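Numbering (the numbering used here), first residue to last: 1196 to 1465.
For each residue, glycine too, the CB sits at the ideal point set by N, CA and C.
Every value quoted in this text rests on a predicted model; they were computed, and no experiment measured them.
For reference, the structure is listed below as structure tokens.
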């Protein structure tokens, strides 16, 4: 069978669109450094360490022509991917290495609740919010991602503001229990957020606790956290590219997350 002519190839069309600017690549990944905020759990639970690095050589006697370091960081550090085995309800499910590549490249919708979260840091997305979104923008994409925009990425370089915790615990937006159940039973591959975890800051007090982890990962779906630049994406029409490490036995992995966005469909703020 002869190769498809270049002019008819979908990939050639994508390359041309990228070259011309008709499709642009938006980086949804927060910079990863020793200053990247990490989740803080109360005692007696173990906490993940922040990123640290130990230098092996830097153009010196230890290695005259090269520089490299050893990294120590948790699987769930910075912009990262949650696999089903991260949570007890998904413990018999996929690790990071088992996730099908086709599920890591998929359409995305963006639900913008940044105005609501600015007024109430404990804002929770509800089933009514989802019904209103679908009434305006159509059904959720099969095998796609729902990304919740709250404007929280603006806080990402200030750990205190990002975690937003006081004596009653953290206060960050997310999903209510019923919405988490709805999304777990939906056609989606997973959900993404700008906050430190896929659940709201107060989700430890929900019934059940941490419903996104409980229901979404328990349903064999995925999570992405600490996203950036969702303001540059349209409500529909973007394609998400999620690239975690292919970590055998991994419950999660830092990830580079990109979006392909058609120029005519870019968000007004972009």
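- The segment 1440–1447 and the segment 1309–1320 do not touch, with fewer than three beta-carbon pairs separated by less than 8 Å.
- Across the structure, residue 1255 and residue 1400 are spaced so that their CA atoms are roughly 53 Å apart.
- In the assembly as shown, residue 1296 is an exposed residue. Its beta-carbon has fewer than 16 other beta-carbons within 10 Å.
- Look at residue 1206 here: in three-state DSSP terms it is helix.
- Looking from the CA of residue 1405, the closest CA among 1417, 1382, 1428 and 1372 belongs to 1372.
- Rounded to whole angstroms, the separation of the alpha carbons of residue 1382 and residue 1441 is 24 Å.
- Note on geometry: alpha-carbon atoms of residue 1385 and residue 1258 lie some 43 Å from one another.
- Measuring C-alpha to C-alpha distances from residue 1397 to each of 1250, 1449 and 1359 identifies 1359 as the nearest.
- Distances from the alpha-carbon of residue 1351 to those of 1261, 1316, 1219 and 1226 put 1226 closest.
- Rounded to the nearest angstrom, the gap between the Cα atoms of residue 1380 and residue 1267 is 36 Å.
- The secondary-structure analysis by DSSP pairs residue 1420 across a beta bridge with 1275.
- Boundaries of the beta strand (DSSP E) harbouring residue 1451: 1447–1457, taken from the DSSP string.
- Here residue 1264 carries a strand assignment [DSSP, helix/strand/coil].
- Contact check for residue 1302 and residue 1279: beta-carbon distance about 21 Å, past the 8 Å limit, so the pair fails to qualify.
- Beta-bridge annotation (DSSP): residue 1235 is not paired with any residue.
- For residue 1377, there is no enclosing beta strand (DSSP E); the residue is found in the alpha helix (DSSP H) stretching over 1372–1379.
- Per DSSP, residue 1328 is one residue of the alpha helix (DSSP H) stretching across 1322–1332.
- Where residue 1309 is concerned, the enclosing alpha helix (DSSP H) starts and stops at 1309–1314.
- In this structure, the alpha-carbon of residue 1282 lies about 43 Å from that of residue 1260.
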